[in-house]
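FYI, the numbering for the sequence shown is 13 to 297, going by the working numbering. Where a beta carbon is used, it is the ideal one built from N, C-alpha and C, also for glycine. Below is one structure, written out as C-alpha cells, with a few remarks after it.
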Amino acid sequence: MVKRALLITSILFLVMIVLGSFISSERGGANFGFVQSATLEAIAPLAKGFDAATAFLMSIWESYVDLVHTKHQSGILRKQLEELRWELNQYKEERLENQRLRSLLEFKTDVPTPMIPAQVVARDPSEWFETVIIDKGSNQGVRKDMAVVASSGVVGRITGASAHYSKVLLILDRNSAVSAILQNSRARGILSGRGDELCSLRYVSPSIQTGKGESVIASGLSGVFPKGLLLGTVVSVEHRPGDLFQRITVKPAVNFSTLEQVMVILQRNQPLVPEGPEEDQDADS
Numbered sequence: 013m014v015k016r017a018l019l020i021t022s023i024l025f026l027v028m029i030v031l032g033s034f035i036s037s038e039r040g041g042a043n044f045g046f047v048q049s050a051t052l053e054a055i056a057p058l059a060k061g062f063d064a065a066t067a068f069l070m071s072i073w074e075s076y077v078d079l080v081h082t083k084h085q086s087g088i089l090r091k092q093l094e095e096l097r098w099e100l101n102q103y104k105e106e107r108l109e110n111q112r113l114r115s116l117l118e119f120k121t122d123v124p125t126p127m128i129p130a131q132v133v134a135r136d137p138s139e140w141f142e143t144v145i146i147d148k149g150s151n152q153g154v155r156k157d158m159a160v161v162a163s164s165g166v167v168g169r170i171t172g173a174s175a176h177y178s179k180v181l182l183i184l185d186r187n188s189a190v191s192a193i194l195q196n197s198r199a200r201g202i203l204s205g206r207g208d209e210l211c212s213l214r215y216v217s218p219s220i221q222t223g224k225g226e227s228v229i230a231s232g233l234s235g236v237f238p239k240g241l242l243l244g245t246v247v248s249v250e251h252r253p254g255d256l257f258q259r260i261t262v263k264p265a266v267n268f269s270t271l272e273q274v275m276v277i278l279q280r281n282q283p284l285v286p287e288g289p290e291e292d293q294d295a296d297s
C-alpha cells in the first residue's frame, strides 16, 4: 500500500515537472510542436486529477485535525461536566445535612435538658441485635443508659461507651423495653422491638379504648427516657378471645433506615412536658 502510494506520488510529481516545462516554454514565446502538444493533451487531465486529489487529501487532513480538536474539547467538557455533577451532589448533601441539623437544633431548643449532637458512623450487621455506633463517647460525657433521640422521636439508649464512640441499642431491638403511655387514653404499657421496622406495645388491657393513629410516648418511669418523648404511632390493634392483653403494633416515629444525626440526652429521666395534677392522677391510675 505504501509502495503504491509512493509510485503514484512520483508519477504525479513528474507530471508537474513536465507541465512546468510547458508553461516555461509558453512564457518564452515558443510554439508547441506535435510531440509537445500530444504530451500536453495526455498529461493535462492527470494534472487536473492531481489537483483534485490534493484538494481531497487536504480536506481529509483538515477534517482529521478538526476531529482531533473536537475530541479534545469533548474530553475537556466531559471532565467539566463530571466536576459540576460532583459539586451539585456535594451541595445537595450539605443542604440535606443542614436541614437535619436544623431540625435537631430546633428540637434541642424546645427540650430543656442538656444534649450533645452525634453522628451515626456504623450499624451492627447482625440479625440478632439492632444497634448503631455514634461518634461521641465518655470523653464527651456520654454514659451507659443515656437516652438517644432524633428530632422526630426516640432512637434508643446507650449500652456502652469508649472514649470517643458509643453503642446505641435501638427501640427496634427485641431486647429493648421502654415504659410507654398511650397519649390519649393514658394507659401504660411496655414498648419492645420485634426485630423488624415495627414495635409492639404490650400489657395494655382490653378495656382500654385505642386505635390506629394514637401517639405513644415515653412514660418516664424507666429511668432512661424523659417523659413525653414520642416513641411512635399505633398502626394496628388486635384483641383475640382469651388474650389477657391487646396486641398493639406501633410504627416508630424515627425512620431508622435513613438515620444519620442524633442527640444524646446527658441528663437522665427529666420530664419533657409539664405535668399537672390531673395528668399525674391519670398516669398513676
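Residue 145 and residue 154 look like a contact to me (Cβ under 8 Å); what is the Cβ gap, rounded to whole Å?
About 12 Å; that fails the 8 Å criterion.
Sequence-distant residues of its chain with Cβ nearer than 6 Å to residue 189 (five each side left out)
Excluding the 5 residues flanking it on each side, residue 189 has same chain C-beta neighbours closer than 6 Å at 202 and 204, in chain order.
What number of angstroms, rounded off, separates the C-alpha of residue 255 from the C-alpha of residue 130?
Approximately 42 Å between the Cα atoms of the pair.
Considering just the uninterrupted stretch of the beta strand (DSSP E) at residue 132, what are its terminal residues?
127-135
State the Cα-Cα distance for the pair residue 170 and residue 92, rounded to the nearest angstrom.
Between residue 170 and residue 92, the alpha-carbon positions lie close to 46 Å from each other.
Between the CA atoms of residue 197 and residue 182 - distance to the nearest angstrom
26 Å
Helix, strand or coil: how does DSSP classify residue 270 here?
helix
Distance, Cα to Cα, residue 178 vs residue 187?
18 Å
Look at the alpha carbon of residue 151 and the alpha carbon of residue 176, and state the distance between them as a whole number of angstroms.
6 Å
Give the secondary structure of residue 275 by DSSP, where H, G and I count as helix, E and B as strand, and everything else as coil.
strand
Exposure label - residue 162; buried when at least 16 CB within 10 Å:
buried
Within 10 angstroms of the Cβ of residue 237, are there 16 or more other Cβ atoms? Answer buried if so, exposed if not.
buried
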